[in-house]
Amino acid sequence: NAGVTQTPKFRVLKTGQSMTLLCAQDMNHEYMYWYRQDPGMGLRLIHYSVGEGTTAKGEVPDGYNVSRLKKQNFLLGLESAAPSQTSVYFCASSYYYPTGENSPLHFGNGTRLTVT
Amino acid sequence: GQSLEQPSEVTAVEGAIVQINCTYQTSGFYGLSWYQQHDGGAPTFLSYNGLDGLEETGRFSSFLSRSDSYGYLLLQELQMKDSASYFCAGTGANNLFFGTGTRLTVIP
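Sequence order for the protein chains is A and B. Position one of the first sequence corresponds to residue 1 (my numbering), numbered consecutively onward. Position one of the second sequence corresponds to residue 1 (my numbering), numbered consecutively onward.
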């Protein structure tokens, strides 16, 4: 079982460039999430999706867009990268709303993005 | 709003017991989860408390008191491999929100 797979693992961008981070899960989970992790700030939710074709904003959505065209995939886009978006990005999924031990978040291994 | 506070660092001796506290403010609170993250790795789920009281899973236990908006993770018989960051996460009305994490260092 692959679980949650993120690509790429590393990326360096110049300010103003665009890119898309890919997330795929093979667990038939309804919910998918994008978090960013910065030193001393924990994990902050960027956007999430509660099912195919749906997206919603999290805590820090500015500068990012997402799409969930297929249930198993959740894409995070940066249209014009800024140095403040240098971070580690984690995708996660859960079977349903994370209210119990039966529906924890399953994380991918992260994408380390540097914007110069 | 949502906020979860936990100590930034804890150091403990191999074989000992350590407690990592978490206080929270979340609207529509459902429960408290704990996640472990080793350096360079992904967070992994440890435990969840939906009701007040203690939940035990092997060497790890987690506690919740809704009246005090407080929970903790207890690690017993510490091993070197337990050196990692530990995050509490509150399930609120809109989603799951993480604390800033506690870095646990286990020393021989």
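Virtual Cβ for every residue (Gly too), placed ideally from N, Cα, C.
Counting only the Cα atoms, B/Arg59 lies some 7 Å from B/Glu77. A contact between stretches requires three or more CB pairs, one per stretch, nearer than 8 Å, and the region 26-44 of chain A meets this requirement with the region 80-99 of chain B. Exclusion of the five residues before and after A/Ser49 leaves Tyr31, Met32, Tyr33, Thr55, Ala56, Val66, Arg68 and Phe74 as the residues of its chain whose Cβ lies within less than 8 Å of its Cβ. Within the region 32-93 of chain B, the beta strand (DSSP E) runs of at least 3 residues that lie entirely inside it are, in chain order, 44-49, 53-57, 60-65, 70-75 and 84-91. Remark: C-beta atoms of A/His29 and A/Ser87 do not approach each other more closely than 8 Å. Residues of chain A with a Cβ closer than 8 Å to the Cβ of B/Ser62 do not exist; the shortest Cβ-Cβ separation is about 10 Å.
By the beta-carbon neighbour count (other beta carbons within 10 angstroms, threshold 16), A/Gln6 is buried. It is roughly 10 Å from the alpha-carbon of A/His47 to the alpha-carbon of A/Asp62. Chain order gives the chain B residues near A/Met41 as Thr100, where near means a beta carbon separation below 8 Å. Think of a sphere of 7 Å around the beta carbon of A/Gly108: the chain B residues whose beta carbon falls inside it are Ala42, in chain order. Not a single CB atom of chain B sits nearer than 8 Å to the CB of A/Pro8. Under the Cβ distance rule, B/Ser69 does not count among the residues neighbouring chain A, no pair being separated by less than 8 Å.
Using a Cβ distance threshold of 8 Å, B/Thr23 and B/Ser69 count as a contacting pair.
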